[in-house]
Each structure stands twice: as structure tokens, then as C-alpha cells.
Amino acid sequence: MAALFSRKRETAADEALIRSLYEEHGRALLAYATRLTGDRAAAEDVVQETLVRAWRHPDALVNGKGSVRGWLLTVARNIVTDRVRAKAARPQEVAESPATPPIERDHADQVVDSVVVLEALDRLSSDHRDVLMEIYFRGRSVSEAAAALGVPPGTVKSRSYYALRALRETFGGQQVALKGVAG
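Under our numbering, the first residue of the sequence shown is numbered 6, with each subsequent residue one higher.
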């Protein structure tokens, strides 16, 4: 029974010690920890851990080596340093990738569109087709196409206009991918 009573007294004394440490040094500890961490919540955790260590090692506070505040600030700095090192040592978490393998694109639509465009080009007159081939498929300017075809630039412009108009009429309202043709 005496041991139980003695233990309660020790616990009450320890609680009083921690309470007095917090009342006397809590503000300074919190300000210091906030400056070190840059985060109020993390700083509060550091202060709490510092006081827990003071509670576990009360002899370090009363041995006469330096000030109590100096010891508490050193412990707080060491806790912050330990947390930074632990965070740096852990690999960064990566979001889980889906278990399904990537699906390759099906190029069937492109092939069908290409066939449709080629058939439509075959329906054009050779003059209109040649102008479209020079301007849109070979990427030449109007003057370059005119020189290659041996016609004036104005003729290239008008043939291009009428060729594109004929293609649009052929396709009606359909949205066919006219890569390089729909200018």
C-alpha cells in the first residue's frame, strides 16, 4: 500500500514538473519549433515530444549543466533534425498505377479515312488533284506549286478552292479526318 501511495506522489510530482516546464518555457519552445519547422501543427508535436522527453529524463533538468530552457531547445532542435532525416530517408510515395496494361491504339479508323480520302481524290480532275498534292501533301506554297505545275499562282489558288469545295461536297456533313486537306 505504501508503494502505491509513493507511486501516486511521484506521478503527481512529474505532472507538476511538466506543467511548470510548459508554463515557463512553452511559448519559447513553440516559437522556436515553429521557426524550425515552418508549420504550427508540426511545431506543437515537437513541443509535446520535447516535454515527453523531459518527463522521461528529469535528471537532465536538475543536474546543473546549463539552463533548463537551453536543454529543452536543444532537444526540440534534435527532434526536428531527426524528423527531417527520417523523412529524407523514406522513399517518396508513388500513387498506384492501374494493373491493366496499356492498350495500343487501333489505327483502323485512320486507314479507313485514308482510303476514303484517296478515293475522293481520284474522283477529282487531274488538275485539281495535282494542285492539292502540291499544296497540302508536299507542303509547298502557292508560288512553289505554280512553278512546279507550270501555271500562274492565281490558277493554283482557284484550282485549290474548287478542289476543296468538291471534296467537301463529296463528304457532305461527314467528319472525315482530312489530314492536310482541310485547310
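Even glycine gets a Cβ: it sits at the ideal position worked out from N, Cα and C.
- prompt: How do the region 55-62 and the region 111-125 stand: do at least 3 beta-carbon pairs fall below 8 Å, yes or no?
  reply: No, the region 55-62 does not touch the region 111-125.
task: Put Arg-143 into one of helix, strand or coil per three-state DSSP.
output: Coil.
field: DSSP three-state assignment for Leu-77, whether helix, strand or coil
entry: Three-state result, Leu-77: helix.
field: Span of the alpha helix (DSSP H), counted from its first residue to its last, around Val-136
entry: Boundaries of the alpha helix (DSSP H) around Val-136: 131-137.
message: On a Cα-Cα basis, can you pick out the residue from Arg-164, Glu-149, Ala-21, Glu-29 that is closest to Ser-72?
response: Minimum Cα distance to Ser-72 is reached at Glu-29.
- request: Measure from the C-beta of Ser-148 to each C-beta in chain B and report whether the shortest distance is under 8 Å.
  value: Absent here is chain B; the protein component of the structure consists of one chain.
- prompt: With 16 other CB atoms within 10 Å as the buried threshold, where does Glu-20 fall?
  reply: Counting Cβ neighbours within 10 Å, Glu-20 comes out exposed, since fewer than 16 surround it.
field: Val-52 to Val-99 span [Cα, whole Å]
entry: Roughly 31 Å separates the two Cα atoms.
task: Could you give the DSSP three-state label for Gln-53: helix, strand or coil?
output: Three-state DSSP puts Gln-53 in a helix.
task: Starting from Arg-164, follow the alpha helix (DSSP H) in both directions and report where the run begins and ends.
output: That run of the alpha helix (DSSP H) goes 158-176.
task: Could you give the DSSP three-state label for Glu-98: helix, strand or coil?
output: Coil, per DSSP.
query: What first and last residue would you give for the alpha helix (DSSP H) that runs through Arg-110?
result: Premise fails: Arg-110 is in no alpha helix (DSSP H) and is neither H nor E.
query: Quick one, which of Lys-162, Asp-118, Ala-81 has its alpha-carbon nearest Asn-132's?
result: What sits at residue 132 in the sequence shown is Asp, not Asn. Proximity to Asp-132 across Lys-162, Asp-118, Ala-81 peaks at Lys-162, based on C-alpha coordinates.
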